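Okay, structure first, notes after.
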Amino acid sequence: MQRFLAVFCAVLLLSACYPMSVNTQSDPAVDLSSYRSYDWLPEKSDPKDEQKHLTIKQFKFAVERELQAKGISRDAAKPDFLISFYGDSKQVSTERTVENSDYWGDRERYPYYANPRSRDYDQRWKYQNRNSGSYTRTVETQTIEYKEGTLVIDFLDAQSKELIWRAKIQAIVNEEDIGGQIDKAAVEAITKFSP
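Shown next, in the form of structure tokens:
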């Protein structure tokens, strides 16, 4: 859980312009429709780190909102399942090749530019072959560095503590819109929970 707290702000994930991958798995032997209440597993957090604490509260709020929309309520006294979550991020480097081409031509190759009032319409746009134009082509390799984040949400049976459902969210990290990223991650993940 502490590993999650250390990277959570950097992991969550993507404004709309970035792709987000959400994969879910569930225990085929478990009837998810019998799970109608939940509670959170306690996490180890540093109360001095206010930003992480606020981010976790925002994440929990988004998940609770989506579960409530499915008719699943929080019950701290006797939950059907428990929710755990963690995340990680890593620096990724990739290369891409970009081709640039430029043509610098001489406008005088076309007589129309030299004399727009020319009466000889057929000759106005006739190409005059001159060697005053130039063509350049360059190939450039660019290195792109970015953070790739992973967030995992686990639902565990409250009695047996066995994993019954998991959502794994992967995306390119965009740290400029943490609130939007948290909300999108919660919606994408919990939408795929189909009790």
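Residue numbers for the sequence shown follow this note's numbering, beginning at -3 and rising by one.
C-beta: ideal position from N, C-alpha, C; glycine also.
Being a predicted model, the structure only gives us computed values, none of them experimental.
Original post:
How is GLU171 classed by DSSP in three states: helix, strand or coil?
Top reply: Here GLU171 sits in coil by DSSP.
Original post:
Under three-state DSSP, which class holds GLU158?
Top reply: coil
Subject >> Among VAL94, ILE79, LYS164, SER97, nearest to GLU158 - alpha-carbon criterion >> reply: ILE79
Original post:
Between ARG92 and the rest of its own chain, which residues show a CB-CB distance below 7 angstroms, the 5 nearest in sequence each way excluded?
Top reply: GLN138, ILE140
**OP:** Using 10 angstroms around the beta-carbon of VAL135, count the other beta-carbons present and answer buried if the total reaches 16, otherwise exposed.
**Re:** exposed
Original post:
For the candidate residues ILE174, TYR31, ALA185, whose alpha-carbon lies nearest to that of LEU50?
Top reply: With distances taken between Cα atoms, LEU50 lies closest to ILE174.
Original post:
Do GLU172 and MET16 have their C-beta atoms within less than 8 angstroms of each other?
Top reply: no
Subject >> Residue environment, LYS30, which counts as buried when at least 16 other CB atoms sit within 10 Å >> reply: It is Ser, not Lys, that sits at residue 30 in the sequence shown. Label assigned to SER30: exposed.
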